[in-house]
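>
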Amino acid sequence: METQYHVRVYIYSIISIQSFMLLAGTAAFVHSSSFSSEVGKCNLDSDYDNHPKRVSAPCSWKFLMESYFEKHDSLMDSDIQAFFVHELHPATCEVIQQNLNSLLRMSVLHRNLIGEGSHRHLFSFLKFNVLSEATFELPAHFCEAIIIERLPHGIFADPFELQHLIERGVFVDAAVFGDTNLELPSVLSNRSIVEVHVDIGNNFLATNKEGVEIKLELPLHARYPPLDGSGYSEVEINKPNLFVHCSVNEPLQQQDCLWLLIDESTQLKTSTIVWRIPSGNEKHVKVVSLVTFTVALLSTLLIVLTSIYSSHVNKY
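The opening position of the sequence shown corresponds to residue 0 in numbering that gives the first Met the number 0, with each subsequent residue numbered one higher.
1) Check whether the stretch 190 to 205 and the stretch 112 to 120 are in contact - that is, three or more C-beta pairs closer than 8 angstroms.
2) Any idea which residues DSSP pairs A221 with across the strands?
3) Considering just the uninterrupted stretch of the beta strand (DSSP E) at D178, what are its terminal residues?
4) Going by DSSP, name the residue or residues bridged to V273.
5) Would you report the Cα separation of G230 and S185, rounded to the nearest angstrom?
6) Rounded to the nearest angstrom, how far is the Cβ of V193 from that of L150, given a contact under 8 angstroms?
7) Does DSSP put K40 in a helix, in a strand, or in coil?
8) Per the contact definition of three or more C-beta pairs closer than 8 angstroms, is the stretch 281 to 292 in contact with the stretch 123 to 130?
9) Taking the alpha-carbon positions, what's the A292 to V197 distance?
10) Leaving out five residues on either side along the sequence, give the residues of the same chain with a beta carbon under 8 angstroms from the beta carbon of L21.
11) Taking C-beta to C-beta, are A156 and S191 nearer than 8 angstroms?
12) Should I377 go down as buried or exposed, given a rule of 16 or more other Cβ atoms within 10 Å for buried?
13) Within a Cβ cutoff of 6 angstroms, which residues of the same chain sit near S232, ignoring the five residues on either side of it in sequence?
14) Return the CA-CA distance between A295 and S306, expressed in angstroms with no decimal places.
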């Protein structure tokens with residue numbers, strides 16, 4: 000009787016644990032799914048106003064993507080690109096009256112992935128040449144480059160990691176929009192967008208005649224991809240959107256100027272970046288499932304036999 004009692008208690012315990020794990024997994028899935036639908040949620044609470052080099056953004060938004068998500072809830076590339084070209088109206092810039100395309104010319108845009116496996120860095124090298132002689136007459140200004148990376152399914156940036164880079168002074172500011180759940184696999188996740196602000200200095204339109212170089216490393220991580228026959232899953236990273244934002248601060252003139260610098264006519268020395276992410280091989284599913292089930296069954300039997308033997312020893 001005592002042996003049967005111990006076995007019954009063990010079985011009830013196993014059932015209770017499995018039920019708890021099932022409920023917890025269901026709750027986590029529901030929470031993750033609802034979280035994924037919250038596009039436009041900024042998860043970095045950086046000290047924006049107190050940053051010594053921070054440029055006040057046009058209008059009232061801190062990030063350009065905040066302005067986008069005020070009107071849209073789509074993460075499609077075509078919708079975002081159309082917003083940048085047709086709907087994003089920067090603040091009036093009477094102080095710097097020239098079109099920035101006549102002041103700056105992109106000469107190099109080189110991008111590649113650094114590292115191997117599921118945790119890599121997206122390296123971008125950008126170089127601008129200042130062309131117009133009229134820039135010598137520009138008033139005092141401070142400028143920053145704004146890089147917007149539209150990440151595909153299966154890749155994400157860690158907001159906490161970006162926050163650490165901000166604290167170290169690598170970025171002026173950064174934010175992640177879209178799906179920021181770090182635990183979801185690729186098939187259950189949504190896309191995300193990373194907006195990074197980089198300092199390019201005081202009066203750079205007037206003083207950098209030999210060009211301005213920006214080197215940026217953005218840490219990215221791959222989600223668990225679906226099974227694939229080759230053992231790898233490929234995702235493509237397209238070119239980013241790049242803005243230059245300048246702030247003019249004078250006693251009688253305080254304005255913000257924003258320019259979309261990259262367009263379809265720009266000659267870029269880059270192509271779409273392909274990231275081959277290691278994934279489970281479909282050919283191994285049956286073998287892995289059989290081994291997993293066998294190990295679990297043997298472990299359960301071992302626990303039951305140990306419990307029976309222990310109760311038998313204690314009885315005598």
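Backbone N, C-alpha and C fix where the C-beta goes; we use that ideal spot for every residue, glycine too.
Judging by the given coordinates:
1) Pairwise C-beta distances place the stretch 190 to 205 out of contact with the stretch 112 to 120, as fewer than three of them are shorter than 8 angstroms.
2) DSSP lists I154 as partners of A221.
3) Premise fails: D178 is in no beta strand (DSSP E) and is neither H nor E.
4) Residue pairing from DSSP places V273 in a beta bridge opposite E235.
5) Between the alpha carbons of G230 and S185 lies a distance of about 15 angstroms.
6) Contact between V193 and L150 is confirmed by a C-beta separation of about 6 angstroms, below the 8 angstroms threshold.
7) Since pLDDT at K40 reaches only 36, below the 50 mark, its modelled position is unreliable, and the value read off the structure follows with that caveat. Secondary structure of K40 (DSSP, three-state): coil.
8) As far as the Cβ criterion goes, the stretch 123 to 130 does not touch the stretch 281 to 292, which means the pair count is below three.
9) What sits at residue 292 in the sequence shown is Phe, not Ala. Whole-angstrom Cα-Cα distance: 51 angstroms.
10) Because L21 carries a pLDDT of 44, less than 50, the predicted location of this residue cannot be relied on, and no value is offered for it.
11) The answer is yes: Cβ separation under 8 angstroms.
12) Only positions 0 to 315 of the chain appear in the structure, and residue 377 is not among them; the question remains open.
13) Within its own chain, the residues whose Cβ lies closer than 6 angstroms to the Cβ of S232, once the five positions on either side in sequence are excluded, are P224, I276 and S278, listed in chain order.
14) Approximately 17 angstroms between the Cα atoms of the pair.
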